[in-house]
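Asks: What follows is a single structure, and I will ask about it in a moment.
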Amino acid sequence: MFNRDRWIEIFETISKNKLRTALAGFTVALGIIIFVVLYGLGNGLENTFQKFFKDDQLNTIWINPGRTSKPYAGFESNRRIEFDNDDLAEISEKFDFFIEGITPRITLTGRNISYKLNSNNFSVRGVGPSHKTNEMTIMMQGRYINQADIVNKERYVVIGRLVKQDLFGNEDPIGKFINGGGRTWKVIGVYQDDGGDNEERIIYAPYTTVQSIQRGTDDVGSIIITYKPEIGFEGAIEFEKQLKSFIKNRKKIDPTDPRGVFIRSASSDLKENQDFTRVLKIIISFVGFGTLFAGVIGISNIMVYVVRERTKELGIRKAIGATPKSIVWMVLQESIFITTISGYMGMFAGILFLSSLGNTLEEDFYITDPYVDFNTAVFATIMLIIFGGFAGFIPARRAAKIKPIEALNDK
Amino acid sequence: MIRIENLHKSYPMGNRSLHVLKGLNFNVEEGELVAIMGSSGSGKSTLLNILGMLDNYDEGSYTLGDVLIKKMDETKAAKYRNKFLGFVFQSFNLINYKNALENVVLPLYYQGVSRKEREEKALKYLDDVGLKEWANHLPTELSGGQKQRVAIARAMVGEPKVLLADEPTGALDSKTSKEVMDLIQKINKGGKTILLVTHEEDIAQMCSRIVRLKDGVIVEDKKIKQKKAL
């Protein structure tokens with residue numbers, strides 16, 4: 091392998107057969123370029139897809155009450171389901187193992203809120219502390235609602251960035267009082283939210299305070315649960331299942347009734363999401379494998395052609411004393427040398443092309459940051475070299491076995 | 206130098222086999238220039254292939270120098286060919302992307318001779334065939350006679366015991382044929398044993414002995430008075 095003389099012989103052969111060398115090298119380089127580029131674009135597609143779902147808090151379950159559509163346990167259908175503080179406490183206690191945070195969400199829409207001479211209509215939500223996590227609310231000023239506010243039924247509010255802009259302008263709102271529903275509320279925090287403008291036009295208050303203003307009902311509206319991420323994907327699915335049957339049982343809803351209660355979770359969304367990603371990955375791998383395979387076939391063809399073209403030369407070499415082994419090695423070494431050089435050139439060309447693309451395809455083709463990790467590219471290149479060598483080995487061995495006299499008669 | 210006893214060779218042809226050589230016996234002494242003659246199908250090419258270790262034989266024995274050449278593997282055959290034999294072919298069989306010098310160097314490369322030494326030696330043999338000035342020319346830039354002389358230089362460079370020539374003048378005009386035969390005669394005068402297959406009577410007359418084959422048997426084997434080529 092490291093015989094200097096043999097390498098000189100190979101370099102001479104390569105440099106004197108430029109067309110053949112170029113042809114073989116081009117096939118290999120093209121194969122690896124196509125692989126790297128296609129695989130990279132596939133990865134870019136996946137990147138875009140994952141970005142779409144990044145903004146969601148994934149370990150969340152929403153429980154919304156509805157109206158029953160089937161009679162059950164003595165109740166008529168079309169019964170309105172409501173959750174109250176007891177339900178909240180029961181769920182919280184029973185599923186303590188799964189739950190990281192639980193909060194109701196009482197929504198009051200279009201409430202007129204004013205500060206000094208400024209006023210506007212905003213939605214008000216009565217929530218608990220863990221609601222902050224569910225909405226991925228980011229505090230800009232002050233603080234969010236805490237457990238003490240809930241217990242003491244404080245008349246505190248946390249206002250969105252646009253609420254602050256409407257009511258306070260440039261004034262610092264913290265500690266100021268706003269009017270709503272004939273009462274005054276103390277502003278304790280200002281938040282922002284990446285979910286869009288409407289998300290920043292909401293006012294949050296402790297749900298217990300909101301309940302007491304609603305003439306003493308303890309209706310909690312929707313329930314939002316954050317489950318512990320460590321229970322994992324399977325755990326979340328199981329949790330959701332148990333939760334559903336627990337609520338239906340507790341609220342006397344027919345287990346087969348689809349409308350009494352609506353439970354939606356990011357984990358079931360996530361499952362679809364992951365299924366899609368998996369399919370995408372399979373397609374990408376398939377495309378990658380396909381191009382690699384096509385590359386191997388291309389190389390095999392070239393190798394067969396190369397050896398065929400050299401049959402006579404190999405016959406001459408045998409007649410003047412080349413052993414079959416030296417013939418096989420010469421052909422192999424040459425082909426491995428060419429595939430290695432052009433393979434790596436193709437690989438770097440492909441990587442360079444991908445990085446030159448950058449994010450230019452994001453707008454029109456949903457391809458973000460196309461890339462191939464270096465190991466995959468190197469692996470693919472090595473595969474091509476190995477298969478190229480193997481593809482060269484078979485015709486080389488056949489050529490070495492040909493009786494020199496047959497090769498020489500092949501005029 | 207060459208001793209052949211009761212040599213048989215058949216080729217399988219479907220279910221039957223074609224008996225090509227039917228018990229040949231002959232010896233070649235060192236320094237002889239032997240013409241092997243016969244029409245096509247007489248077995249002369251088969252005989253030459255066996256002598257050149259390019260093909261195996263079925264029965265009998267073939268001794269080259271003091272080595273019995275008997276069913277050997279390809280690697281061993283390649284080494285013996287390299288060491289004992291030089292080949293000259295009708296169609297020259299030069300490697301067309303290598304120049305004259307590189308072609309002549311090749312047997313030495315397979316002998317493992319160092320680069321410097323083999324180039325010196327090859328140049329000397331090119332000089333012997335009168336083509337030193339053409340060392341750096343590709344075969345496509347040479348005439349037929351020149352190509353054959355390069356091929357002869359290549360056959361000689363490994364200093365073989367025997368030179369085997371298969372219709373060496375078959376592709377040449379009569380004038381060039383004579384020049385090439387003159388070269389072969391000179392090499393023979395230098396003491397080299399040469400076997401030459403031909404179907405041209407006048408070429409055969411330039412050798413010192415003629416062996417005639419017909420249907421796989423030797424029908425005539427006689428020493429003749431050698432004619433000078435030029």
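Going down the list, the protein sequences come from chains A and B.
The numbering used here numbers the first residue of the first sequence as 91 and each following residue consecutively.
The numbering used here numbers the first residue of the second sequence as 206 and each following residue consecutively.
Glycine is no exception: its CB is placed at the ideal position from the N, C-alpha and C atoms.
Using DSSP with H/G/I as helix, E/B as strand and the rest coil, what is residue 179 of chain B?
Replies: Chain B is shown from 206 up to 435; residue 179 of chain B falls before or after that span and cannot be answered.
Asks: Who are the Cβ neighbours of residue 109 of chain A in its own chain at under 7 Å, not counting the five residues just before and after it?
Replies: As a first step, residue 109 of chain A must be located in the first sequence, where it is residue number 19. Cβ neighbours of residue 109 of chain A beyond the five flanking positions: none.
Asks: Go ahead and pull the three-state DSSP assignment for residue 145 of chain A.
Replies: Counting from one through the first sequence, the residue named residue 145 of chain A turns up at place 55. Per-residue confidence for residue 145 of chain A stands at a pLDDT of 48, beneath the threshold of 50, marking its modelled position as unreliable; no derived number is given.
Asks: List, from N- to C-terminal side, the beta strand (DSSP E) runs of 3 residues or more that fit wholly inside the stretch 226-274 of chain B.
Replies: With a minimum length of 3 residues, the continuous beta strand (DSSP E) runs that stay inside the stretch 226-274 of chain B are 238-242 and 264-269.
Asks: Using the C-alpha atoms, what's the distance from residue 491 of chain A back to residue 433 of chain A?
Replies: Your numbering for residue 433 of chain A matches position 343 in the first sequence. Your numbering for residue 491 of chain A matches position 401 in the first sequence. Distance between the alpha carbons of residue 433 of chain A and residue 491 of chain A is about 29 Å.
Asks: Could you check what DSSP says for residue 107 of chain A in three-state terms: helix, strand or coil?
Replies: In the first sequence, the residue the question calls residue 107 of chain A occupies position 17. Correct three-state label for residue 107 of chain A: coil.
Asks: Please report how far the alpha carbon of residue 200 of chain A lies from the alpha carbon of residue 261 of chain A, in whole angstroms.
Replies: Within the first sequence, numbered from 1, the residue matching residue 200 of chain A stands at position 110. Within the first sequence, numbered from 1, the residue matching residue 261 of chain A stands at position 171. One C-alpha to the other measures close to 24 Å.
Asks: Does DSSP put residue 405 of chain A in a helix, in a strand, or in coil?
Replies: Locating residue 405 of chain A in the first sequence gives position 315, where the first residue counts as 1. In this structure, residue 405 of chain A counts as helix in the three-state DSSP scheme.
Asks: Are there 16 or more other CB atoms within 10 angstroms of the CB of residue 428 of chain B, so buried, or fewer, so exposed?
Replies: Start at 1 with the first residue of the second sequence, and residue 428 of chain B comes out as number 223. Exposed: under 16 other Cβ atoms inside 10 Å.
Asks: Taking residue 231 of chain B as the reference, give the member of B:271, B:422, B:353 and B:366 with the closest Cα.
Replies: Numbered from 1 along the second sequence, position 26 holds the residue referred to as residue 231 of chain B. Nearest of B:271, B:422, B:353 and B:366 to residue 231 of chain B, Cα basis: B:422.
Asks: Using alpha carbons as the reference points, say which of A:342, A:373, A:390 and A:408 lies closest to residue 162 of chain A.
Replies: As a first step, residue 162 of chain A must be located in the first sequence, where it is residue number 72. Selected option, being the one with the closest Cα: A:342.
Asks: For residue 378 of chain B and residue 384 of chain B, I'd like the C-alpha separation in whole angstroms.
Replies: Translated into the one-based positions of the second sequence, residue 378 of chain B becomes position 173. Translated into the one-based positions of the second sequence, residue 384 of chain B becomes position 179. Going by the C-alpha atoms only, they are around 10 Å apart.
Asks: Measure how close the beta-carbons of residue 434 of chain B and residue 387 of chain B come, nearest whole angstrom, since I'm counting them as under 8 Å.
Replies: For the purposes of this step, residue 434 of chain B is taken as the residue at position 229 of the second sequence. For the purposes of this step, residue 387 of chain B is taken as the residue at position 182 of the second sequence. Rounded, the Cβ-Cβ distance is 4 Å, consistent with contact.
Asks: Would DSSP call residue 310 of chain A helix, strand or coil?
Replies: One-based indexing of the first sequence puts residue 310 of chain A at position 220. Here residue 310 of chain A sits in coil by DSSP.
Asks: If I measure Cβ to Cβ from residue 327 of chain B and keep anything under 6 Å in the same chain, skipping five residues before and after, which residues do I get?
Replies: Within the second sequence, numbered from 1, the residue matching residue 327 of chain B stands at position 122. 306, 309, 310 and 362.
Asks: Using a Cβ-Cβ cut-off of less than 8 Å, list which residues of the stretch 342-354 of chain B approach chain A; keep chain order.
Replies: Cβ contacts with chain A: none found.
Asks: What is the DSSP secondary structure of residue 267 of chain A, reduced to helix, strand or coil?
Replies: Taking the first sequence and counting its residues from 1, one reaches residue 267 of chain A at position 177. Correct three-state label for residue 267 of chain A: strand.
Asks: Per DSSP, what are the beta-bridge partners of residue 427 of chain B in this structure?
Replies: Position 222 of the second sequence, counting from 1, holds the residue named residue 427 of chain B. Answer by DSSP bridge pairing, in chain order: B:415.
Asks: Starting from residue 246 of chain A and walking both ways along the beta strand (DSSP E), at which residues does that stretch end?
Replies: The sequence position of residue 246 of chain A within the first sequence is 156, counting from 1. Where residue 246 of chain A is concerned, the enclosing beta strand (DSSP E) stretches over 246-250.
Asks: Decide yes or no for the touch test of the stretch 250-260 of chain B against the stretch 469-487 of chain A: beta carbon pairs closer than 8 Å, at least 3 of them.
Replies: Judged by Cβ distances under 8 Å, the stretch 250-260 of chain B makes no contact with the stretch 469-487 of chain A, as fewer than three pairs qualify.
Asks: Give the residues from the stretch 273-286 of chain B that approach chain A closer than 8 Å (Cβ to any Cβ), ordered along the chain.
Replies: Per Cβ criterion, the list reads 279, 280, 283, 284 and 286.
Asks: Between which two residues does the alpha helix (DSSP H) harbouring residue 367 of chain B extend?
Replies: Within the second sequence, residue 367 of chain B is the residue found at index 162, counting from 1. First-last for residue 367 of chain B: 367-371, but that is the beta strand (DSSP E), not the alpha helix (DSSP H).
Asks: Ignore the nearest five residues each way along the sequence and tell me which others in residue 345 of chain A's own chain have a CB closer than 6 Å to its CB.
Replies: Stepping through the first sequence from its first residue, residue 345 of chain A is reached at position 255. Closer than 6 Å at the Cβ level, and outside the excluded window around residue 345 of chain A, lie 338.
Asks: Below 8 Å, how does it come out for the stretch 258-278 of chain B and the stretch 334-350 of chain B: are there three or more Cβ pairs, yes or no?
Replies: The answer is no - the stretch 334-350 of chain B does not touch the stretch 258-278 of chain B, with fewer than three Cβ pairs under 8 Å.
Asks: Taking a contact to mean a Cβ-Cβ separation below 9 Å, would you say residue 399 of chain B touches residue 370 of chain B in this structure?
Replies: As a position in the second sequence, residue 399 of chain B is number 194, starting the count at 1. As a position in the second sequence, residue 370 of chain B is number 165, starting the count at 1. Their beta carbons are under 9 Å apart, which means residue 399 of chain B touches residue 370 of chain B by this criterion.
Asks: Nearest to residue 178 of chain A by alpha carbon, out of A:366, A:258, A:298 and A:421?
Replies: As a first step, residue 178 of chain A is located in the first sequence; it is residue number 88 there, counting from the start. Nearest option by C-alpha distance: A:298.
Asks: With 8 Å as the limit, tell me which residues of the stretch 368-387 of chain B have their beta carbon closer than that to any beta carbon of chain A; keep them in chain order.
Replies: Here the close residues number zero.
Asks: Measure the alpha-carbon distance for residue 395 of chain B versus residue 329 of chain B and round it to whole angstroms.
Replies: Residue 395 of chain B sits at position 190 when you count from the first residue of the second sequence. Residue 329 of chain B sits at position 124 when you count from the first residue of the second sequence. Taking the straight line from one Cα to the other gives about 15 Å.
Asks: Please return the same chain residues whose Cβ sits closer than 8 Å to the Cβ of residue 303 of chain A, not counting the five positions on each side in sequence.
Replies: Translated into positions along the first sequence, residue 303 of chain A becomes position 213. So the qualifying residues of the chain are 271 and 273.
Asks: State the Cα-Cα distance for the pair residue 386 of chain A and residue 416 of chain A, rounded to the nearest angstrom.
Replies: One-based indexing of the first sequence puts residue 386 of chain A at position 296. One-based indexing of the first sequence puts residue 416 of chain A at position 326. Answer to the nearest angstrom: the Cα atoms are 24 Å apart.
Asks: To which residues does DSSP link residue 282 of chain A through a beta bridge?
Replies: For the purposes of this step, residue 282 of chain A is identified with residue 192 of the first sequence, where counting begins at 1. Answer by DSSP bridge pairing, in chain order: A:228.
Asks: By the 10 Å Cβ neighbour count, where 16 or more other Cβ atoms means buried, how is residue 469 of chain A classified, buried or exposed?
Replies: Position 379 of the first sequence, counted from the start, is the residue given in the question as residue 469 of chain A. That one is exposed.
Asks: Quick one: give me the first and last residue of the beta strand (DSSP E) that residue 168 of chain A is part of.
Replies: Position 78 of the first sequence, counted from the start, is the residue given in the question as residue 168 of chain A. Careful: residue 168 of chain A lies outside any beta strand (DSSP E) and carries neither H nor E.
Asks: Could you work out which residue in A:228, A:237 and A:254 is closest to residue 212 of chain A when comparing CA atoms only?
Replies: On the first sequence, position 122 is the one that residue 212 of chain A refers to. Ranking the options by Cα distance to residue 212 of chain A, first place goes to A:254.
Asks: What is the DSSP secondary structure of residue 430 of chain A, reduced to helix, strand or coil?
Replies: For the purposes of this step, residue 430 of chain A is taken as residue 340 along the first sequence, with counting starting at 1. DSSP places residue 430 of chain A in helix when its eight states are reduced to three.
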